[in-house]
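What follows is a set of notes on a single structure, which appears directly below.
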Amino acid sequence: GIQVEQSPPDLILQEGANSTLRCNFSDSVNNLQWFHQNPWGQLINLFYIPSGTKQNGRLSATTVATERYSLLYISSSQTTDSGVYFCAVRIYGNKLVFGAGTILRVKS
Amino acid sequence: GAGVSQSPSNKVTEKGKDVELRCDPISGHTALYWYRQSLGQGLEFLIYFQGNSAPDKSGLPSDRFSAERTGGSVSTLTIQRTQQEDSAVYLCASSSLSGGYADTQYFGPGTRLTVL
Numbered sequence: 019g020i021q022v023e024q025s026p027p028d029l030i031l032q033e034g035a036n037s038t039l040r041c042n043f044s045d046s047v048n049n050l051q052w053f054h055q056n057p058w059g060q061l062i063n064l065f066y067i068p069s070g071t072k073q074n075g076r077l078s079a080t081t082v083a084t085e086r087y088s089l090l091y092i093s094s095s096q097t098t099d100s101g102v103y104f105c106a107v108r109i110y111g112n113k114l115v116f117g118a119g120t121i122l123r124v125k126s
Numbered sequence: 037g038a039g040v041s042q043s044p045s046n047k048v049t050e051k052g053k054d055v056e057l058r059c060d061p062i063s064g065h066t067a068l069y070w071y072r073q074s075l076g077q078g079l080e081f082l083i084y085f086q087g088n089s090a091p092d093k094s095g096l097p098s099d100r101f102s103a104e105r106t107g108g109s110v111s112t113l114t115i116q117r118t119q120q121e122d123s124a125v126y127l128c129a130s131s132s133l134s135g136g137y138a139d140t141q142y143f144g145p146g147t148r149l150t151v152l
């Protein structure tokens, strides 16, 4: 089956720093979503991004489907950005296959 | 409703008992999904309902797991004869469909199941 790899696995930032999270996938996909799982376990949608670039405030994402990767940029990080970031790719049958996640900790 | 809701939020049960987990999707969403999040396996797909079509059960780990969706809305995931390895957070999601493809999947808060 399709493999979804996220890097780095862990990241510690000082408040105000910028970061880039990467998601590689091993096969063609229909779509890709980025999620933030907050400390209470809720999965929050960040981006639905099959290709191209989208921006939402301090966050932006770029997917290059032909090269099978996506990037999530976090600028001017805040402590509330802490949590786990997942990318998930949509394959046939509309099911999502998740990466293992990047654990982000932002220190004040 | 405003979002996907799940109940109960926490469930503790004894090994061998049956449990039922409930999901209320976003109103108007025709697609409903169950996933499971556990320490060893990460986030994994369990089952997918699309309208009146037969569900995709390809992710169910054993025949002790079953799910139904009544009236195209509420769904119940049932685990029979629970085992300790069933301990996990069970997440429900829903989405609309465009041309048969799922739009953004929105997740509920999950049910944390602990099997003693």
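Sequences listed follow chains R and B, in order.
Just so we're aligned: 112 in this note's numbering is position 94 of the first sequence, and the numbers increase by one with no gaps anywhere.
Just so we're aligned: 125 in this note's numbering is position 89 of the second sequence, and the numbers increase by one with no gaps anywhere.
Backbone N, C-alpha and C fix where the C-beta goes; we use that ideal spot for every residue, glycine too.
Tell me which residues share the same chain as Gln116(B) and place their Cβ nearer than 6 Å to its Cβ, disregarding the 5 neighbours each side in the sequence. Against the second sequence, residue 116(B) aligns to sequence position 80. Cβ neighbours of Gln116(B) beyond the five flanking positions: Asp54 and Arg100.
Does Lys113(R) get closer than 8 Å to chain B when you measure Cβ to Cβ? Within the first sequence, numbered from 1, the residue matching residue 113(R) stands at position 95. Yes, Lys113(R) counts as interfacial toward chain B.
If we ignore side chains and look at the alpha-carbon of each, how far apart do Leu57(B) and Thr114(B) end up? The residue given as residue 57(B) occupies position 21 in the second sequence. The residue given as residue 114(B) occupies position 78 in the second sequence. Computed Cα separation, rounded: 6 Å.
With DSSP collapsed to three states, give me the class of Thr118(B). Counting from one through the second sequence, the residue named residue 118(B) turns up at place 82. In the three-state reduction of the DSSP assignment, Thr118(B) falls in the coil class.
What three-state label does DSSP hand Thr157(B) in the structure shown? Chain B is shown only over 37 to 152; residue 157(B) falls outside these bounds and no answer can be derived.
In this structure, does DSSP put Gly111(R) in helix, strand or coil? Translated into positions along the first sequence, residue 111(R) becomes position 93. Residue state for Gly111(R) is assigned as helix, using DSSP reduced to three classes.
Any C-beta of chain B sitting closer than 8 Å to the C-beta of Tyr103(R)? On the first sequence, position 85 is the one that residue 103(R) refers to. No, Tyr103(R) lies away from the interface with chain B (no Cβ there is under 8 Å from its Cβ).
Would Arg40(R) count as contacting chain B if we go by Cβ distances under 8 Å? What you label residue 40(R) is simply residue 22 of the first sequence in a count that begins at 1. Answer no: the Cβ-Cβ gap between Arg40(R) and chain B never drops below 8 Å.
Does any C-beta atom of chain B lie closer than 8 Å to the C-beta of Phe116(R)? Mapped onto the first sequence, residue 116(R) falls at position 98. Interface residue, yes.
Residues near Gly119(R) by beta carbon distance below 7 Å, same chain, minus five either side: Counted from its first residue, the first sequence places residue 119(R) at position 101. Counting only Cβ-Cβ distances below 7 Å, and skipping sequence neighbours, we find Gln24, Val102, Tyr103 and Phe104.
Near Ser78(R), what residues of its chain come up, given a Cβ to Cβ distance below 6 Å and the 5 sequence neighbours on each side ignored? Reading the first sequence from its first residue, position 60 is the one you call residue 78(R). Excluding residues within five positions, the ones whose Cβ falls inside 6 Å are Tyr91.
Where DSSP assigns a beta bridge to Ser134(B), which residues make up the other side? For the purposes of this step, residue 134(B) is taken as residue 98 along the second sequence, with counting starting at 1. DSSP output for Ser134(B) lists Tyr137(B) as bridge partner(s).
Which residues of chain R have a Cβ atom closer than 9 Å to the Cβ of Val125(B), listed in chain order? For this step, residue 125(B) is matched to residue 89 along the second sequence. Neighbours of Val125(B) on chain R, chain order: Gly59.
Suppose the cutoff is 6 Å on Cβ atoms and the five residues either side in sequence are ignored; what does the same chain contact list for Arg123(R) look like? Within the first sequence, numbered from 1, the residue matching residue 123(R) stands at position 105. Once the five neighbours on either side are set aside, the close Cβ partners of Arg123(R) are Ile30 and Ser100.
Are the beta-carbon atoms of Leu61(R) and Phe85(B) separated by less than 8 Å? Indexing the first sequence from 1 puts residue 61(R) at position 43. Indexing the second sequence from 1 puts residue 85(B) at position 49. Taking 8 Å as the cut-off, the beta carbon of Leu61(R) is found no closer than this to the beta carbon of Phe85(B).
Which residue from Gln120(B), Thr106(B) and Val48(B) puts its Cα closest to that of Leu68(B)? Counting from 1 along the second sequence, the entry for residue 68(B) is found at position 32. When each option's Cα is compared against that of Leu68(B), the closest is Thr106(B).
Mind listing which residues of the region 77–96 of chain B have their C-beta closer than 8 Å to chain R's C-betas, in chain order? Answer in chain order: Gly78, Leu79, Glu80, Phe81, Tyr84, Gln86, Asp92, Ser94 and Gly95.
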